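S.K.: Note that my numbering has the sequence shown beginning at 147, numbered continuously upward.
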Amino acid sequence: MADHRCPTSEQAALAMVLIIAGKDSADKALCKGLSLFSRKFKVQHYLTFDPDIQCNKCLAFGHHTSKYTV
Numbered sequence: 147m148a149d150h151r152c153p154t155s156e157q158a159a160l161a162m163v164l165i166i167a168g169k170d171s172a173d174k175a176l177c178k179g180l181s182l183f184s185r186k187f188k189v190q191h192y193l194t195f196d197p198d199i200q201c202n203k204c205l206a207f208g209h210h211t212s213k214y215t216v
């Protein structure tokens, strides 16, 4: 029999990917976050890169210079 208990506070999602239609809605979510399931979540812009993209900083493939924070 499968275990269908609710996750505890120790079990957290590492990431969720949502597609938000409309620039205004996306900008608002980035600024204010999202409320889902009675919880507030921080929203970050998600960038995808093909394996052949080369970083200008470390010259490795698969990511962009924007991954580095100042």
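We put the CB at the ideal spot given by N, CA and C, even for glycine. Model, not experiment: these values are computed from the prediction.
Rounded to whole angstroms, what is the Cα-Cα separation between Gly-179 and Gln-190?
M.R.: As a working note, residue 179 is residue 33 in the sequence shown. As a working note, residue 190 is residue 44 in the sequence shown. Taking the straight line joining both Cα atoms gives about 9 Å.
S.K.: Would Cys-201 pass as a contact of His-210 if the rule is Cβ separation under 8 Å?
M.R.: Residue 201 sits at position 55 when you count from the first residue of the sequence shown. Residue 210 sits at position 64 when you count from the first residue of the sequence shown. A contact, by the Cβ cut-off of 8 Å.
S.K.: Straight-line CA distance for Ala-161 to Ala-167?
M.R.: Here residue 161 is taken as the residue at index 15 of the sequence shown, counted from 1. Here residue 167 is taken as the residue at index 21 of the sequence shown, counted from 1. Looking at the two C-alpha atoms, the distance is approximately 19 Å.
S.K.: Going by DSSP, name the residue or residues bridged to Phe-187.
M.R.: Translated into positions along the sequence shown, residue 187 becomes position 41. The partner list for Phe-187 (beta bridge, DSSP) reads Leu-180.
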